[in-house]
């Protein structure tokens, strides 16, 4: 049917589907969620009691000191928590929170954002605070948590689904909050009128989420905040950081959010520049992989003027944006996809039609009743899925919009900015990302472009190439695809540590 064809085409061009591969060669820890009967027995034995707190939030907390897990039982508006003795999901050695915040300040009627946060494994009282935004648009932050940079992954074994500890978790160096946004993504939910369709909606909602989160949990308020985004997070993250900066400058909150850094991994930020590099990445990608033949490569090159004209038109005429997306993706991404190669890694084939990665294990685990109960998932949340194509379709007018304008004011305010890219990714490739960073108009542009790339060393070996000027860095990560923390976990963790500590790449 035409609708099915449109859905299939939308899925095929989705540029930010996070990896479903799991962290390998790590110890396996079977930390199964309690059954419903176990929880009832705890109540019957008087091991639990009810607490109510007046906050516009609901959250699950595991306290590593008391060994107590708290699970919300009611909708947002009250926190109704039952306590019972058990270990925390994914990482039982740190305090974690999960649950919902209702976004009250943006004119939405029933918008509830789900999050899952883990405190840092070391010195959480002083460790930086990282906000992670997955792209899509329409894909869940839980994908990154369970497949890239979270405390554990989910693997399917002969004995069932098991949590596998990630020694390269970003919680080694920071308290990290993964979020399902915008409305409709993952476990987040709301009414039809609550769905976002552009970056203004995204950044306003996320700003108010942060204000409400730090109001409810002031112990994290003064920690340095670093906003990270991946793929379509190249739209999201710069806008969220920009909105936080605006909120601080305008005094919109009783407190200032301690914004210190913005980072984007294999992002889509400046389409008019980045789309120019699809032909080169398809034919001259550095891995010797020619995904198209010489004739198709020439056709891709010849389509660039028309594509760029459409993107330029989108910047001033919203009615042209969806058409620009279709024209450019068909001409420049379509030929690569027909090769059968993974658009997120030129080195491998697409293993699963449409998404290329198998998300079945974390999907099944997240939908277990025990998991949903432990995380405090609302009965109003639908069954978890990796990506919501309805949300994706809402952003057809946003896809080709330029977002790099947000970066110069952030740099001017002293915020550190890191743009990094795995060099095997096609869909948001390093060539296009480096090009838009070099084209960025800011006072340090000449110095940045005059600086030579230098080797980036991790563990005594070259892990990539870096270029920096003032508070802006571009980092090319070797032997990594679209999901750098999945493909090169040690390098990604070293990158995080260097960025958070303002070290030299």
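Numbering (mature numbering (1 follows the signal peptide of the UniProt record, and there is no 0)), first residue to last: -20 to -1, 1 to 485. Ideal Cβ placement from N, Cα and C applies to all residues, glycine included. Quick caveat: nothing in here was measured; it's all calculated off a predicted structure.
- Per the DSSP secondary-structure output, residue 254 pairs with nothing in a beta bridge.
- In the structure shown, residue 78 adopts extended strand secondary structure according to DSSP, grouped into three states.
- Counting only unbroken stretches of 4 or more residues, the alpha helix (DSSP H) elements lying wholly within the segment 217 to 280 are 251 to 254 and 258 to 263, in sequence order.
- The Cβ-Cβ distance between residue 345 and residue 159 does not fall below 7 Å.
- By the 16-neighbour rule on beta-carbons within 10 angstroms, residue 318 is exposed.
- When the alpha-carbon of residue 394 is set against those of 357, 449 and 359, the nearest one is in 449.
- Cα atoms of residue 210 and residue 376: separation of roughly 18 Å, rounded to the nearest angstrom.
- If you draw a straight line from the Cα of residue 143 to the Cα of residue 198, it is about 31 Å long.
- Partner residues in the beta bridge of residue 119, as assigned by DSSP, are 367.
- Residue 97 is bridged by DSSP to 77 and 157.
- Every alpha helix (DSSP H) stretch that sits fully inside the segment 305 to 329 and reaches 4 residues is listed by chain position as 314 to 317.
- Around the C-beta of residue 129, 16 or more other C-beta atoms lie within 10 Å, and the residue is accordingly described as buried.
- One thing to note: residue 179 has its Cβ within 7 Å of the Cβ of residue 219.
- With 16 or more other Cβ atoms inside 10 Å of its own Cβ, residue 401 counts as buried.
- Assignment of residue 215 by DSSP, reduced to helix, strand and coil, places it in the helix class.
- By the neighbour-count definition (other C-beta atoms within 10 Å, threshold 16), residue 229 is an exposed residue.
- The Cβ neighbour count for residue 89, taken over all protein chains shown within 10 Å, is under 16; the residue is labelled exposed.
- For residue 148, no beta strand (DSSP E) encloses it, and the DSSP letter there is neither H nor E.
- Looking at the backbone, the Cα of residue 269 and that of residue 98 are separated by about 39 Å.
- Close CB contacts of residue 464 within its chain, under the 6 Å cut and outside five residues either way in sequence, are with 245, 402, 457 and 472 (chain order).
- Look at residue 91 here: in three-state DSSP terms it is coil, with no helix or strand label.
- If you draw a straight line from the Cα of residue 291 to the Cα of residue 282, it is about 16 Å long.
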